[in-house]
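No gaps in the numbering here: position 33 of the sequence shown is 30 in this note's numbering, and each next residue is one more.
The beta carbon of each residue, even a glycine, is placed where N, CA and C say it ideally should be.
Given the structure is predicted, the values throughout are model-derived calculations rather than measurements.
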Amino acid sequence: MKIEPLRSCIGCNEKKTKKELLRIVREEEGYSLDLRGRKNGRGAYICPNLSCFDKAEKRKAFFRAFKGNIPEDTLKELREEVEKLAR
């Protein structure tokens, strides 16, 4: 029996399986959602709902996870993508 790896949501801090969370990844060309979990780059996991996204923004969790600022327009684009997936 294979054990499913657990990851923490940067918004609510709950531990969940990788399949239950979305991965946001920082690549050379910018930030994007990694729906398959295979992209190279530094990643952070978040629950697929806007409340966790808001908590992560408020707590500056994106800054800590990626060790730097994310541009406001990029955060807005990521928020829209998470919102689409949450429906």
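Backbone CA spacing between R35 and R20 [nearest angstrom]: 10 Å
What are the boundary residues of the beta strand (DSSP E) that K12 is part of? 12 to 14
Please state whether DSSP places I24 in a helix, a strand or coil. Checking the sequence shown, residue 24 turns out to be Glu, not Ile. Reduced to three states, the DSSP call for E24 is strand.
Taking Cβ to Cβ, would you say V79 is nearer than 8 Å to F50? yes
To which residues of the same chain is T71 closer than 6 Å at the C-beta, ignoring the five residues directly before and after it? Y28
Based on DSSP bridge pairs, tell me the residues matched to R39. R23
Do you know offhand how far L82's Cα is from A58's? 21 Å
With L3 and K16 assumed to form a contact (beta carbons below 8 Å), what rounded beta-carbon distance in angstroms separates them? Contact doesn't hold; Cβ gap of about 11 Å is too wide.
Should I43 be labelled buried (16 or more other beta-carbon atoms within 10 Å of its own) or exposed? buried
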